[in-house]
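Novice:
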Amino acid sequence: MKRIVSFSLIRAVLIGVGSLTSCKSKKLEAPKGEVEIAVPCSGEDFWSDKGVFRANAVGESKDQMVSRKKAMSNARADLANSINTTIKGTIDNYVNSREFNNQEDVEERFEGLTREVINQELAGVKAICKKMFTTEDGTYKELS
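Counting in our numbering, the sequence shown runs from 8 upward without gaps.
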């Protein structure tokens, strides 16, 4: 009887270990011909949540300060966009009718424009991660 219990116990342990190792998560690889890009200052640690709004952006310029200003400006615009955005749309429909020698020539033109307006005051905005890079062609790239 003792031998049957120990055999059953060993079998249960082996099945448990086998099932745990088969559930091991596999690392996802990029499809052939594609390369994954590691973006600093991004990922779950930099996502917005209930209490904090976060955004990141890239600015590129031949001047280091201009690249920094572009990145911060784009990040602030993203922040304001996450808080409050108003969409305004307009549609223009033009019809032009001309008559020459008893034949009418009608020309129509339809134009639509959608504009995104952000009106939000941001105070106390601070960067929690900044990375500066230089490119091969000598430009500066900042991620804020």
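No residue lacks a Cβ here, since even glycine has one placed at the ideal position from N, Cα and C.
With DSSP as the reference, label Asp-52 as helix, strand or coil.
Specialist: Residue state, collapsed to three classes: helix.
Novice: When the distance is taken between beta carbons, is Ala-87 closer than 8 Å to Ser-151?
Specialist: Contact: no.
Novice: Let me know the secondary structure DSSP gives Ser-171 once reduced to three states.
Specialist: This structure gives no information on residue 171, because the portion of the chain shown stretches from 8 to 151.
Novice: Measuring alpha carbon to alpha carbon, tell me which of Met-79, Lys-69, Gln-71, Ser-74 ends up nearest Ala-62.
Specialist: When only C-alpha atoms are compared, the closest one is Met-79.
Novice: Is the segment 135-147 in contact with the segment 65-77, if contact means three or more CB pairs nearer than 8 Å?
Specialist: They touch, by the three-pair rule.
Novice: Measuring only the C-alpha atoms, how far is Thr-142 from Ala-130?
Specialist: Each residue's Cα considered, the two are about 33 Å apart.
Novice: If we count the other Cβ atoms within 10 Å of its Cβ and call it buried at 16 or more, is Ser-74 buried or exposed?
Specialist: Answer is buried; the Cβ neighbour count reaches 16.
Novice: Counting C-beta neighbours from all protein chains within 10 Å, is the total for Lys-77 16 or more, i.e. buried, or is it exposed?
Specialist: By the 10 Å Cβ count, Lys-77 comes out buried.
Novice: Reducing DSSP to helix, strand and coil, say where Val-73 ends up.
Specialist: Residue state, collapsed to three classes: helix.
Novice: Can you tell me whether Leu-120 is helix, strand or coil according to DSSP?
Specialist: In the structure shown, Leu-120 sits in a strand (DSSP, three-state: E or B).
Novice: Could you give the first and the last residue of the continuous beta strand (DSSP E) run that contains Lys-138?
Specialist: Element bounds for Lys-138: 138-141.
Novice: May I have the straight-line CA-CA distance separating Phe-107 from Thr-121, to the nearest angstrom?
Specialist: Taking the straight line joining both Cα atoms gives about 37 Å.
Novice: What residues match up with Ser-104 in a beta bridge as DSSP calls it?
Specialist: Looking at the DSSP assignment, Ser-104 forms a beta bridge with Val-113.
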